[in-house]
Amino acid sequence: MSNEVRVRFAPSPTGYLHLGSLRTALFNYLFARHHGGKFILRIEDTDQSRKVEGAVENLVNILNEMGLNYDEGPGAGGKFGPYFQSERLEIYKKYCDELLAGGHAYYAFETAEELDEMRKVQQMQGRQTMYDRRARNLSENEVKEKLTSGNPYVIRLKVPLDEEIRFTDIIRGNVKIETNLIDDQVLLKSDGYPTYHLANVIDDHLMGITHIIRGEEWLTSVPKHILLYRAFGWEVPQMAHVPLILNPDKTKLSKRQGDVSTEDFLKKGYLKEALLNFMALLGWNPGDGEEREIFTKDELIKLFSIERVNSAGAVFNIEKLNWMNGEYIKNYDIDELTGLILPYLNAGGIDTSDIAKTKRVVYAVRNYISRLDEAAEHAKIYYSKLSLNEEQKDIITSETSKKVFALLYSKIGQLTEITAENFKPLLNEVQKETGVKGKNLFMPVRLALTGEEHGPELGLIAYVFGKQEVLKKLEEVL
RNA sequence: GGCGCAUUGGUGUAAUUGGUUAACACGCCGCCCUCUCAAGGCGGAAAGUACGGGUUCGAUCCCCGUAUGCGCUACCA
Numbered sequence: 012m013s014n015e016v017r018v019r020f021a022p023s024p025t026g027y028l029h030l031g032s033l034r035t036a037l038f039n040y041l042f043a044r045h046h047g048g049k050f051i052l053r054i055e056d057t058d059q060s061r062k063v064e065g066a067v068e069n070l071v072n073i074l075n076e077m078g079l080n081y082d083e084g085p086g087a088g089g090k091f092g093p094y095f096q097s098e099r100l101e102i103y104k105k106y107c108d109e110l111l112a113g114g115h116a117y118y119a120f121e122t123a124e125e126l127d128e129m130r131k132v133q134q135m136q137g138r139q140t141m142y143d144r145r146a147r148n149l150s151e152n153e154v155k156e157k158l159t160s161g162n163p164y165v166i167r168l169k170v171p172l173d174e175e176i177r178f179t180d181i182i183r184g185n186v187k188i189e190t191n192l193i194d195d196q197v198l199l200k201s202d203g204y205p206t207y208h209l210a211n212v213i214d215d216h217l218m219g220i221t222h223i224i225r226g227e228e229w230l231t232s233v234p235k236h237i238l239l240y241r242a243f244g245w246e247v248p249q250m251a252h253v254p255l256i257l258n259p260d261k262t263k264l265s266k267r268q269g270d271v272s273t274e275d276f277l278k279k280g281y282l283k284e285a286l287l288n289f290m291a292l293l294g295w296n297p298g299d300g301e302e303r304e305i306f307t308k309d310e311l312i313k314l315f316s317i318e319r320v321n322s323a324g325a326v327f328n329i330e331k332l333n334w335m336n337g338e339y340i341k342n343y344d345i346d347e348l349t350g351l352i353l354p355y356l357n358a359g360g361i362d363t364s365d366i367a368k369t370k371r372v373v374y375a376v377r378n379y380i381s382r383l384d385e386a387a388e389h390a391k392i393y394y395s396k397l398s399l400n401e402e403q404k405d406i407i408t409s410e411t412s413k414k415v416f417a418l419l420y421s422k423i424g425q426l427t428e429i430t431a432e433n434f435k436p437l438l439n440e441v442q443k444e445t446g447v448k449g450k451n452l453f454m455p456v457r458l459a460l461t462g463e464e465h466g467p468e469l470g471l472i473a474y475v476f477g478k479q480e481v482l483k484k485l486e487e488v489l
C-alpha cells in the first residue's frame, strides 16, 4: 500500500508535553486515523546540551494516557527505526557525504567565537545577521589540510543564490521565499549530531512520511528543507503548518502566564476527553454548519480534515475549557467518575472507605464542579460534624423546627430506604401537617443535615446520607 | 532591521467556493425554576467582518496597500 498516509509527531524531549505540542500530536493522530494511516512518534534528541533525564519515558506515558497511541516509535516498534535521532547518526553522516559529493554542502571551520564576532560586526553595520558563506570558497586543498590536521568542522548547506523557492502549504496556501535570504544552514554539527533541518528531512523521507503536520514556527525554514529534498532527489511530503496557541494577550502560550504542560492540566482535574475535545476545537472546526461542540474521539476522527484547520493563532480560553470539562463531568459514567475523583477526595482529607457512599457523593457533587480538584470542597458537607453559629442554632432550636424534625423523623422511619425522589414528598407532607412551609421548613432541615445554608436540593442530600445517617442527624437536633 | 504568516463581538469559531436581520458556543447581564447554591430553561447586551483603496449590480468572501500582532532570523528544536 504505497499511498498509505503516514504522519509523525516529532517532539524534542523537554520533560513535559506543552499544550501546543499536544495539539500538534492530536492533529497528526486525527489525520492518521481519519485516513486509516499510520501515526509515528519520533524523538528529536539531537541537541546534546538540552538532554533531560526521563523525558522520553514521560512523553510516551502522557501520549498513551491521552489516548494518542502511535503505531511506530519508542516501545511500539516499526520497520523504520530507530525512532530516536540520536541513534541514527551514521545515517545522517552517510547522507551528508552524499550532499558533499554532489556539491550541495560544504565544510566550514569557523569557531563559535568567530561567528559571534561576524554577527556583531554585521549588527554594528546595520546589516542582516547571517552566515556570510565565507567557507564556500575554500579550496579543496585548504579543506583537506584542515581536515587532516584535525580542525573541528561543521557541514553547511550550499544554498543556491538568486532563486525563489515556492511551495504550497495545505493550511496557508502558496508561500515563497528568496534563497538569498536563506542562511547556509549548519546541517551537521561539530559534535557529529545533525541539526533539525538535516535530520528531519532524511528521517521523514526514510520513514515514508507523506504529510508533515507541525507548528507554524517551522514555516520559514521550509525552503531549506525543500533545497535538501531537491539535492537528494526526493519527493517533498505535503505540508501543513498549524497555528500557534496564544496567551490571552496574544503572545505565544508560555509558562510565564500559567500552566502550559498537559500534565499540569491533568493534575488539576481536567478530563482527558475534555482536554482533547477542547484542543481539537482550538484552530479547527468541522464546518458544514455543525453546531455541536462536544465530540468523542471517534467523532473527531470521523470529522477531522486538515484543510479546515485555521491559519490564525488561537487564544487559549480557559473559561471555555472549564465549561467543557464540566459538561464531561456531568455526563460521565458515575462509576468511572468516582474512580477518577477518589484521589482528589482523599487529598482533601475525606474518608472514602465507604465506596457506596462515595459514589453517592460524587453523584451529588458533579453538578457543582468544573474540575475534579474542586470535588473535595463540595463533598465536605457529607462528612463533617455539625458546627453552627448562633443564628443558625436559633433556627434549628425554634419551636417550629422541632416540630418539623420530629414529624420528619417518624416519617423517615417508615421508609425502607431514602431515594432522591421519595424524600421531597415527605417534606410536603410535613408541610401540610405542621403548617410550616418555605424557608422555615427547608432551612432547619438543611442545617441539621449539613450545617450549611447552601448546597444541593435536600432530596439529594438525604439520598447521599442514607436513611440511618439522616435519622442520626435528626436525633442530634431533636 | 529583514523575511514570512495572520487579522469576523472580550474569547473560540460559522457563514452553500460574492447576495444572510453576519450564526453558534464560552463568558457577561436579566428573568423563570427554587429553602439555598449550582445545574437547567428563556431572553438580552456585545462584531457591520483591522483600516484604506480597488474589481463587481453586489463583497466577511477576490486583488493591492497600510496598520497591528505573531513567528523566524543559532553548531535549539
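Residue numbering for the first sequence follows our numbering, starting at 12 and increasing by one per position.
Glycine residues also receive a C-beta, built at the ideal position from the N, C-alpha and C atoms.
Just to confirm, are K422 and E468 a CB contact at a threshold of 9 angstroms? Counting from 1 along the first sequence, the entry for residue 422 is found at position 411. Counting from 1 along the first sequence, the entry for residue 468 is found at position 457. Not a contact, by the Cβ cut-off of 9 angstroms.
Give the DSSP-derived three-state secondary structure of M250 in the structure shown. Here the question's residue 250 lines up with position 239 in the first sequence. Strand at M250.
Terminal residues of the continuous beta strand (DSSP E) containing T179? Working through the first sequence from its first residue, we reach residue 179 at position 168. Per DSSP, T179 belongs to the beta strand (DSSP E) from 175 to 180.
Taking the continuous alpha helix (DSSP H) assigned at Y103, which residues delimit it? The residue given as residue 103 occupies position 92 in the first sequence. Looking at the DSSP string, the run of the alpha helix (DSSP H) that includes Y103 is 100 to 112.
Between the Cα of W295 and the Cα atoms of I312, L282, L286, N321, which residue gives the shortest distance? Within the first sequence, the letter at position 284 stands for residue 295. Looking from the CA of W295, the closest CA among I312, L282, L286, N321 belongs to N321.
Spatial distance of K483 from V415 (CA atoms): Translated into the one-based positions of the first sequence, residue 483 becomes position 472. Translated into the one-based positions of the first sequence, residue 415 becomes position 404. Rounded to the nearest angstrom, the gap between the Cα atoms of K483 and V415 is 15 angstroms.
Those runs of the alpha helix (DSSP H) which lie wholly inside the segment 382 to 431 and span at least 4 residues: The segment 382 to 431 contains these whole alpha helix (DSSP H) runs: 386 to 390, 401 to 408, 410 to 424.
Rounded separation between T273 and T159 - CA only: Counting from 1 along the first sequence, the entry for residue 273 is found at position 262. Counting from 1 along the first sequence, the entry for residue 159 is found at position 148. Whole-angstrom Cα-Cα distance: 49 angstroms.
Would you say G26 and A66 are within 9 angstroms of each other, going by their C-beta atoms? As a first step, residue 26 is located in the first sequence; it is residue number 15 there, counting from the start. As a first step, residue 66 is located in the first sequence; it is residue number 55 there, counting from the start. Yes, these two residues count as a Cβ contact at 9 angstroms.
Please classify N39: does DSSP put it in a helix, a strand, or coil? Numbered from 1 along the first sequence, position 28 holds the residue referred to as residue 39. Correct three-state label for N39: helix.
Do you know whose CA, among E401, K283, K155, H222, lies nearest E76's CA? Numbered from 1 along the first sequence, position 65 holds the residue referred to as residue 76. A check of alpha carbon separations from E76 across E401, K283, K155, H222 identifies K283 as the nearest.
Secondary structure at A116, three-state DSSP: helix, strand or coil? By one-based count along the first sequence, residue 116 stands at place 105. Under the three-state reduction of DSSP output, A116 falls in the strand class.
Am I right that T35 and F50 are in contact with their C-beta atoms under 8 angstroms? What's the rounded C-beta distance? In the first sequence, residue 35 corresponds to position 24, counting from 1. In the first sequence, residue 50 corresponds to position 39, counting from 1. The pair is not a contact, with the Cβ atoms about 12 angstroms apart (cut-off 8 angstroms).
9 angstroms Cβ cutoff met for N378 and K331: Within the first sequence, the letter at position 367 stands for residue 378. Within the first sequence, the letter at position 320 stands for residue 331. No. Outside cutoff.
What would DSSP say about V197, mapped onto helix, strand or coil? Translated into positions along the first sequence, residue 197 becomes position 186. Strand at V197.
Would L356 be called buried (16 or more neighbouring beta carbons within 10 Å of its own) or exposed? Numbered from its first residue, the first sequence carries residue 356 at position 345. Buried, since its Cβ has 16 or more Cβ neighbours within 10 Å.
May I ask which residues mark the beginning and end of the beta strand (DSSP E) holding R225? Taking the first residue of the first sequence as position 1, residue 225 is located at position 214. Unbroken beta strand (DSSP E) run through R225: 222 to 226.
Applying the criterion that 16 or more other CB atoms from any shown protein chain within 10 Å of the CB defines a buried residue, is R17 buried or exposed? In the first sequence, counting from the first residue as 1, residue 17 sits at position 6. Buried is the call here.
How long is the line joining the alpha carbons of E64 and Q136, rounded to whole angstroms? If you number the first sequence from 1, residue 64 lands on position 53. If you number the first sequence from 1, residue 136 lands on position 125. Put simply, the backbone Cα of E64 is about 43 angstroms away from that of Q136.
Can you find at least 3 beta carbon pairs, one from the segment 394 to 407 and one from the segment 289 to 303, that sit closer than 8 angstroms? Contact between the segment 394 to 407 and the segment 289 to 303 is absent, because fewer than three Cβ pairs lie under 8 angstroms.
May I have the straight-line CA-CA distance separating N39 from V186, to the nearest angstrom? Here the question's residue 39 lines up with position 28 in the first sequence. Here the question's residue 186 lines up with position 175 in the first sequence. Within the model, the alpha-carbon separation for N39 versus V186 is close to 22 angstroms.
Once you ignore the five residues that flank G89 on each side, which residues in its own chain have a CB closer than 6 angstroms to its CB? Locating residue 89 in the first sequence gives position 78, counting from the first residue. Cβ within range, chain order: E83.
For the pair the segment 314 to 328 and the segment 368 to 384, tell me if three or more CB-CB distances fall below 8 angstroms. With the cut-off at 8 angstroms, the segment 314 to 328 and the segment 368 to 384 do not touch.
Pick helix, strand or coil for N185, following the three-state DSSP scheme. Here residue 185 corresponds to residue number 174 of the first sequence, with the count starting at 1. DSSP places N185 within a strand segment (E or B) once states are collapsed to three.
Excluding sequence positions up to five away, which residues of its chain have a Cβ less than 7 angstroms from the Cβ of G86? Taking the first residue of the first sequence as 1, we reach residue 86 at position 75. Within the same chain, and ignoring the five residues on either side of G86 in sequence, the residues whose Cβ sits closer than 7 angstroms to its Cβ are V71.
Three-state secondary structure assigned by DSSP to K279: Position 268 of the first sequence, counted from the start, is the residue given in the question as residue 279. K279 falls in the coil class under three-state DSSP.
How big is the Cα-Cα spacing for N148 and A325? By 1-based counting over the first sequence, the position of residue 148 is 137. By 1-based counting over the first sequence, the position of residue 325 is 314. Approximately 46 angstroms, taken between the alpha carbons.
Which residue comes first and which comes last in the alpha helix (DSSP H) that contains R371? Sequence index remark: in the first sequence, residue 371 carries index 360 (1-based). 366 to 376 is the span of the alpha helix (DSSP H), which, as asked, contains R371.
Could you tell me which residues DSSP puts in a beta bridge with R167? In the first sequence, counting from the first residue as 1, residue 167 sits at position 156. Looking at the DSSP output, R167 shares a beta bridge with Y117, V197.
Quick test of your reading: Y103 and L209, contact by CB under 8 angstroms. State the CB separation rounded to the nearest angstrom. Here residue 103 refers to the residue found at position 92 of the first sequence. Here residue 209 refers to the residue found at position 198 of the first sequence. The C-beta distance from Y103 to L209 rounds to 6 angstroms, short enough to meet the 8 angstroms contact threshold.
Ranges of the alpha helix (DSSP H) found wholly within the segment 21 to 73, counting only runs of at least 4: Counting only runs of at least 4 residues, the segment 21 to 73 fully encloses the following alpha helix (DSSP H) elements, listed from N- to C-terminal order: 30 to 45.
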